Amino acid sequence: MVIFGAEIMENDVRAMLEKLSRGEVSVEEALLEIKKEPFEDIGFAKIDTHRQVRKGVSEVIYGAGKTADQITGIVRAMNDRGQKRILITRLDIEKANLVKRGLCGSVGFGEDSKDAIQLDYHEDGRIGIIGGLPEPNGLGKIVVATGGTSDIPVAEEAALTAEFMGNDVQRLYDVGVAGLHRMLSHLDDIMEAKVIIAIAGMEGALASVIGGLADCPVIAVPTSVGYGANFGGLSALLSMLNSCASGVSVVNIDNGFGAAYQASMINHIK
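See the structure below:
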């Protein structure tokens, strides 16, 4: 199943395998073709053009630490190889504006032209999306819940990533344990979810509470939100790792993308 991007690459591999099944090429010839150019070297980056074939999800651009020119170059190369939908994470607004201008200039059209490579920027989640969001094709609903409003940047990274990967996402924000009645008012949503991403800083108790109520996998995301003894998210991380609720897994501090990726894989298992 194609979750997103690199349709051309998958079609090429599928066509080669069909030729092999019909006896039009030998095993050695087919293997050679599939092995050819598994990545594209553009000097400052080696783009994994086979990732969608192996993983079901094409390569995602991690924007932090890259220059706007580097991101623009990677997007151009992906687009040229047939990947029309691209996700860029950890992209700040200044860099996003530079990438937008670079992508329009790369094809010689103005920003409003239908032929330009358009970047849709979501500041809350520091996410850039090229090619839009697909119709959901997962088995059920992914719930993204936060302990507080301060956790929303990580939550939006998770929610947008999950939507980009073809999932129906419901956001439950500011439902932390400091006012437990706020979360309990959404019990139906929690019970109906296929996967839940529980995002919290401070002491990170939200994941345990949700894990004790839900009958689906819960992916806990500790955030760096909190006062000094929070140690930049370490206290929440350790609390979540020591959760007494069964079925709770934990990703790294502030890793909304990683949680969404795992949630999407669960939601697409058939």
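FYI, the working numbering numbers position 87 of the sequence shown as 72, with every residue one higher than the one before it.
Quick reminder that beta carbons are idealized off the backbone N, C-alpha and C, glycines included.
Quantities reported herein were computed from a predicted structural model and do not represent experimental measurements.
Check your understanding: Does the beta-carbon of residue 249 have 16 or more other beta-carbons within 10 angstroms, so that it is buried, or is it exposed?
Key -> Its Cβ being crowded by 16 or more others within 10 Å, residue 249 is buried.
Point to revise | Under 7 Å between C-beta atoms of residue 195 and residue 234 | key: no
Exercise for review: Excluding the 5 residues preceding and the 5 following residue 55 in the sequence, name in chain order all residues of the same chain whose CB lies nearer than 6 Å to its CB.
Suggested key: 29
Check your understanding: Is the beta carbon of residue 74 less than 7 Å from the beta carbon of residue 106?
Key -> Inclusion of residue 74 and residue 106 in the CB contact set at 7 Å is not warranted, their separation being larger than that value.
Review point. Leaving out five residues before and five after residue 5 in sequence, what residues of the same chain have Cβ atoms less than 6 Å from its Cβ?
Key: 15
Check your understanding: Name the DSSP bridge partner or partners of residue 155?
Key -> 128
Check your understanding: Thinking C-alpha only, which one of 70, 114 and 241 is nearest residue 82?
Key -> 114
Review point. Would the beta-carbon of residue 142 fall within 7 Å of that of residue 242?
Key: yes
**Study point:** Rounded separation between residue 256 and residue 17 - CA only
**Key:** The requested residue 256 does not occur in the structure, where the chain is confined to residues -14 to 255.
Review point. To which residues of the same chain is residue 236 closer than 6 Å at the C-beta, ignoring the five residues directly before and after it?
Key: 206, 243 and 244
Check your understanding: Can you give, in chain order, each stretch of the beta strand (DSSP E) that sits fully within the region 170 to 230 and has at least 3 residues?
Key -> 180 to 185 and 203 to 207
**Study point:** Candidates 13, 211 and 129, of which the one nearest residue 145 by Cα
**Key:** 129
Check your understanding: Does the region 207 to 223 touch the region 168 to 178, meaning 3 or more C-beta pairs lie closer than 8 Å?
Key -> The region 168 to 178 and the region 207 to 223 do not touch, with fewer than 3 CB-CB distances between them shorter than 8 Å.
Exercise for review: Pull up the CB-CB distance for residue 259 and residue 127, whole angstroms please, since I reckon it's below 8 Å.
Suggested key: Because the chain here runs from -14 to 255, residue 259 falls outside it and cannot be looked at.
Review point. Taking only runs of the alpha helix (DSSP H) that begin and end inside the region 37 to 70, which ones reach a length of at least 4 residues, in chain order?
Key: 53 to 65
Review point. In its own chain, which residues sit with a C-beta less than 7 Å from the C-beta of residue 57, not counting the 5 before and 5 after it?
Key: 84, 87, 88 and 91
**Study point:** Cβ shell of residue 153 (< 6 Å), same chain only, five flanking positions each side left out
**Key:** 121 and 126
Check your understanding: Which whole-angstrom value is the C-beta distance of residue 32 and residue 59, which I expect to be below 8 Å?
Key -> Between the beta-carbon of residue 32 and that of residue 59 there is about 6 Å, and that keeps the pair under the 8 Å contact cut.
Review point. So what does residue 11 bridge to, in DSSP terms?
Key: Partner(s): none; residue 11 has no beta bridge.
Point to revise | Proximity below 7 Å, CB of residue 197 to CB of residue 230 | key: yes
Practice item. In the DSSP assignment, find the unbroken beta strand (DSSP E) run with residue 234 in it and report its ends. Key: Unbroken beta strand (DSSP E) run through residue 234: 233 to 235.
**Study point:** Bounding residues of the alpha helix (DSSP H) (the contiguous stretch that carries residue 241)
**Key:** 241 to 252
Exercise for review: Inspect the beta-carbon positions of residue 51 and residue 116 and report whether they are closer than 7 Å.
Suggested key: no
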